[in-house]
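Trainee: Here the sequence shown is numbered in numbering that gives the first Met the number 0, starting from 0 and rising by one per residue.
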Amino acid sequence: MGPLYAVFIQNFEKSILVISLSWATFLISTTVFTFLISKVGDRIIEKEYLLMSGYLIRAIAWLLFAFVNNFILLILLLILLGVGEAVGNPSFDTIFAEHLDKGRYVEEYADWKLIENLTVAVAAVIGGLVVSKFGFQILFLTMSALAVVSFLGVLLKSRSLL
């Protein structure tokens, strides 16, 4: 959600400190659950299941964000979103690392970071346009739908390609 979060949360809270603490809640949730995943994730043979779970958890969180109406529920959703990030991101990175070409690690990670950063930049602009024209509810429903599409993309992808 990036820069739009600061605008969205003002519907619930105007204090800069509380807004900062709420975002810190998401980051701490992500950190704690990433630590927990790090302890069990390598025991799971099919990392794709973790990746799909991460997408599904995020899809549910974004769907619920579209209907959140109080600050406490918002905090709970930020924690849930942190769980989705913690389950999905390390598994994505693991799958990505398994497909790197020997001797081209820096180049291929750099290529990915270029794609990732450009995608996030474009998404921030598109998100801003969506919120400006249609509001946050449509943005969150769209984000949820994209997470479901990502889930289905992994689910339906041939195992030999993952």
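Just so it is clear, CB atoms sit at the ideal spot from N, CA and C, and this is done for glycine as well.
On the CB-based measure, 16 or more other CB atoms within 10 Å of its CB, does Ser-14 come out buried or exposed?
Mentor: Flag for Ser-14 reads exposed.
Trainee: Which stretch, first to last residue, makes up the alpha helix (DSSP H) that contains Thr-127?
Mentor: Per the sequence presented here, residue 127 reads as Gly, with Thr not at that position. Residues 104 to 133.
Trainee: With DSSP collapsed to three states, give me the class of Met-0.
Mentor: It is coil, neither helix nor strand.
Trainee: Would you say the region 77 to 87 touches the region 7 to 26, given that touching needs at least three Cβ pairs under 8 angstroms?
Mentor: Yes, they touch.
Trainee: Per the contact definition of three or more C-beta pairs closer than 8 angstroms, is the region 36 to 48 in contact with the region 118 to 130?
Mentor: Result no; under three Cβ-Cβ pairs closer than 8 angstroms.
Trainee: Would you report the Cα separation of Ile-59 and Val-147, rounded to the nearest angstrom?
Mentor: For Ile-59 and Val-147, the distance between alpha carbons rounds to 9 angstroms.
Trainee: Quick one: residues in its chain with C-beta nearer than 8 angstroms to the C-beta of Phe-139, no 5 flanking neighbours on either side, listed in chain order?
Mentor: Same-chain partners within the cutoff: Trp-61, Leu-62, Phe-64, Ala-65.
Trainee: Hey, how far is the Cα of Leu-72 from the Cα of Ile-18?
Mentor: The straight-line gap from Cα to Cα measures roughly 14 angstroms.
Trainee: Counting C-beta neighbours from all protein chains within 10 Å, is the total for Pro-2 16 or more, i.e. buried, or is it exposed?
Mentor: The residue in question, Pro-2, is exposed, as its Cβ has fewer than 16 Cβ neighbours within 10 Å.
Trainee: Kindly list the residues whose CB is nearer than 7 angstroms to the CB of Ile-36, restricted to its own chain and excluding five residues on each side of it in sequence; keep chain order.
Mentor: Around Ile-36: Ala-85, Val-86, Pro-89.
Trainee: Run through DSSP, which three-state label would Asp-92 get?
Mentor: The answer is helix: DSSP assigns Asp-92 an H, G or I state.
Trainee: When burial is assigned at 16 or more other CB atoms within 10 Å of the CB, is Phe-95 buried or exposed?
Mentor: Its Cβ having fewer than 16 others within 10 Å, Phe-95 is exposed.
Trainee: Going residue by residue through the region 22 to 64, where are the continuous alpha helix (DSSP H) segments of at least 4 residues, counting only ones entirely within it?
Mentor: Complete alpha helix (DSSP H) runs here, min 4: 46 to 64.
Trainee: Please list, in chain order, all residues of the same chain as Met-51 whose beta carbon is under 8 angstroms from its beta carbon, the five residues on each side excluded.
Mentor: If we look at Met-51 and ignore the five residues flanking it on each side, its Cβ neighbours are Phe-150, Val-153, Leu-154.
Trainee: Under 7 angstroms Cβ to Cβ from Tyr-4, same chain only, skipping five residues before and after it: list those, please.
Mentor: The answer, listed in chain order, is Trp-22.
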